[in-house]
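Numbering (the UniProt record's numbering), first residue to last: 1 to 330.
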């Protein structure tokens with residue numbers, strides 16, 4: 001489900017503004033309409049992750065940057081604070097609606113934030129994390145989140161989703177007294193044809209072996225890392241969350257997760273879900289011992305745990321797949 005937010009929406013912007021000034025005889029650039037939405041994956045302990053947004057900046061090699069500010073109903077530039085945790089489990093927030101951009105390759109999409117603290121003692125007015133113990137400053141690097149490249153093609157209208165995986169990108173600092181929001185773990189996904197995988201988790205798996213009460217996580221990997229017996233391929237290790245820019249000592253055979261989710265509890269039982277997934281091959285694995293998964297460092301968490309809780313699936317375009325984890329009683 002996509003939610004519209006009137007303060008955040010921008011209709012098509014004049015091509016003349018985006019293309020810059022030029023002579024009347026200059027060839028007109030081809031453009032296409034592009035929309036951007038925001039979604040989020042849950043984080044373990046936070047109840048709110050609030051970020052104040054200012055603009056989106058589009059970078060092209062050898063071209064002037066395209067800066068698209070937020071505007072209100074009167075067309076005045078503004079900022080908007082969004083709680084990322086309001087847009088989970090397939091929900092998203094439309095932030096730019098059919099903005100007209102020149103066709104071509106973009107080297108970087110940058111989200112410009114406003115007023116995020118740049119030190120652990122900074123203000124919580126604009127950007128913050130709220131948990132059961134209080135409200136803490138949230139830093140973005142120089143108030144900019146650099147998300148990487150994407151392409152605008154000649155299609156009439158394209159839509160992208162900016163997916164915040166907070167189990168990767170939200171890092172506790174200063175002994176838990178502040179947080180950093182990093183670009184690592186924030187991906188740009190073309191919305192057309194995305195799918196999902198979800199399922200139930202057997203309650204017996206949550207207490208298997210010597211597992212603690214907490215720490216039940218489902219990990220998702222791009223590619224098939226299972227053999228015909230449903231075991232992890234020999235020579236590979238399914239890794240927990242880590243940032244390769246921080247932890248440079250991770251062995252080459254460790255497979256980095258595409259995403260991970262804490263198992264959620266409800267009246268109907270325990271479950272998980274991954275949304276906005278491109279089509280392709282994936283490996284799913286459950287671990288009941290992931291309570292200490294640091295998003296920056298490889299922690300050598302046992303995945304899968306129990307060892308037989310790993311599986312492969314292929315997601316076709318637009319498919320919504322169900323895949324449950326059950327205790328093996330054989």
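The beta carbon of each residue, even a glycine, is placed where N, CA and C say it ideally should be.
query                                                                                                    : result
Neighbour-count burial assignment, residue 249, 16 or more Cβ in a 10 Å radius                           : exposed
Stretch-stretch touch, CB-based, cutoff 8 Å, three pairs: the segment 113-130 with the segment 235-249   : no
Residue 121 (DSSP reduced to helix, strand or coil)                                                      : coil
Touching by the beta-carbon criterion (3+ pairs, under 8 Å), the segment 271-290 and the segment 308-319 : yes
For residue 187: DSSP bridge partner residues                                                            : 163
Member of 254, 193, 236 and 258 whose CA lies at the smallest distance from the CA of residue 222        : 258
Pairwise C-alpha distance: residue 201 and residue 319                                                   : 21 Å
Coarse secondary structure for residue 132, derived from DSSP in three states                            : coil
CB-CB length for residue 304 against residue 238, believed under 8 Å                                     : 7 Å
Residue 176, DSSP secondary structure in three states                                                    : helix
Residue range of the beta strand (DSSP E) that includes residue 57                                       : 48-59
Beta-carbon proximity of residue 327 to residue 204, cut-off 7 Å                                         : yes
Strand pairing of residue 144, partner residues [DSSP]                                                   : 112
Whether residue 68 touches residue 77 by CB criterion (7 Å)                                              : no
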